[in-house]
Amino acid sequence: MKKPSKQLNLFGQSEPDATTHEKRLDKAPWKMFIDGASRNNPGPSAVGIHLSKDKTAILNEGFFTGIKTNNQAEYLALIIGVILTEQQLKPFDRLEINADSQLLVRQMEGVYKIKNNELKKYAACAQQLLEPYTYTIKHVFREQNTIADALANKGLDQKIIPSDAIIKRLKKYDIIL
Numbered sequence: 001m002k003k004p005s006k007q008l009n010l011f012g013q014s015e016p017d018a019t020t021h022e023k024r025l026d027k028a029p030w031k032m033f034i035d036g037a038s039r040n041n042p043g044p045s046a047v048g049i050h051l052s053k054d055k056t057a058i059l060n061e062g063f064f065t066g067i068k069t070n071n072q073a074e075y076l077a078l079i080i081g082v083i084l085t086e087q088q089l090k091p092f093d094r095l096e097i098n099a100d101s102q103l104l105v106r107q108m109e110g111v112y113k114i115k116n117n118e119l120k121k122y123a124a125c126a127q128q129l130l131e132p133y134t135y136t137i138k139h140v141f142r143e144q145n146t147i148a149d150a151l152a153n154k155g156l157d158q159k160i161i162p163s164d165a166i167i168k169r170l171k172k173y174d175i176i177l
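Shown next as structure tokens:
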């Protein structure tokens, strides 16, 4: 019995099977857990970012972010997390962002209005950085975000400064640490 010939595109290349595309989309998502912390709100602040793939930790970072409010720190965790993740993600990869800040999640979803001008700037930056990716953002309870929380506290306690590359990227969006 003769096999059916493959369909060729304009360039004489065979088209990928739909199942191949579906398999790519069915791959497990990258999971990013983020947390921002501020002592005395506003006060000394930090962010924690935990990135995993297939239950394997890929990245664990905590950084001091200067004097910020808790909500600013939550947004900075998202922004810095996306900046750090950019080199890991490939086409068709999915990113699942988990945060224990309901305000951040609902504002990024467009459910809550952003009234604070500084947070509007942070949200616009996050949306622009996320634009190239397929992602979801969801609210998780603190008990599910303990790694990112510990990383934020480590960054705060040890005053771990983000790299010059991160600081430079933030400055492009008029965000100063």
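Each residue of the sequence shown is one higher than the one before, starting from 1 at the first, in the working numbering.
We put the CB at the ideal spot given by N, CA and C, even for glycine.
query: Do the segment 142-162 and the segment 110-119 touch if we need at least three Cβ pairs shorter than 8 Å?
result: no
- prompt: Going by the beta-carbon positions, is the gap between F33 and S45 smaller than 9 Å?
  reply: Counting from one through the sequence shown, the residue named residue 33 turns up at place 33. Counting from one through the sequence shown, the residue named residue 45 turns up at place 45. No; because the gap between Cβ atoms is not below 9 Å, this pair is not in contact.
- request: Would you mind stating whether K138 and R94 have Cβ atoms separated by less than 9 Å?
  value: By one-based count along the sequence shown, residue 138 stands at place 138. By one-based count along the sequence shown, residue 94 stands at place 94. No.
Other residues of its chain near R24: CB distance less than 8 Å, five sequence neighbours each side excluded: Translated into the one-based positions of the sequence shown, residue 24 becomes position 24. Only weak support is given to the placement of R24: the predicted model assigns it a pLDDT of 48, under 50, and the value that follows is read from those uncertain coordinates. Excluding residues within five positions, the ones whose Cβ falls inside 8 Å are F92.
task: Leaving out five residues on either side along the sequence, give the residues of the same chain with a beta carbon under 7 Å from the beta carbon of C125.
output: Walking along the sequence shown from the start, residue 125 turns up at place 125. Within the same chain, C125 has close Cβ partners I79, Y173 and I175.
I161, DSSP secondary structure in three states: Numbered from 1 along the sequence shown, position 161 holds the residue referred to as residue 161. In the structure shown, I161 sits in coil (DSSP, three-state: anything other than H, G, I, E or B).
- request: Locate the beta strand (DSSP E) running through A37, then write down its first and last residues.
  value: Taking the sequence shown and counting its residues from 1, one reaches residue 37 at position 37. Note, A37: beta strand (DSSP E), W30 to S38.
task: Quick one: residues in its chain with C-beta nearer than 8 Å to the C-beta of R106, no 5 flanking neighbours on either side, listed in chain order?
output: On the sequence shown, position 106 is the one that residue 106 refers to. These residues qualify, in order along the chain: Y112 and H139.
message: With a threshold of 6 Å on Cβ separation, who are the neighbours of G81 within its own chain once the five nearest residues in sequence on each side are excluded?
response: Residue mapping note: residue 81 aligns to position 81 of the sequence shown, counting from 1. Contacts found: M32, I34 and I49.
- request: Use the C-beta contact count for K90: other C-beta atoms within 10 angstroms, 16 or more gives buried, fewer gives exposed.
  value: Residue 90 sits at position 90 when you count from the first residue of the sequence shown. Exposed is the call here.
query: So E67 is in the beta strand (DSSP E); what residue range does that whole segment cover?
result: Walking along the sequence shown from the start, residue 67 turns up at place 67. The question names Glu, but residue 67 is Ile in the sequence shown. I67 -> beta strand (DSSP E) spans T56 to K68.
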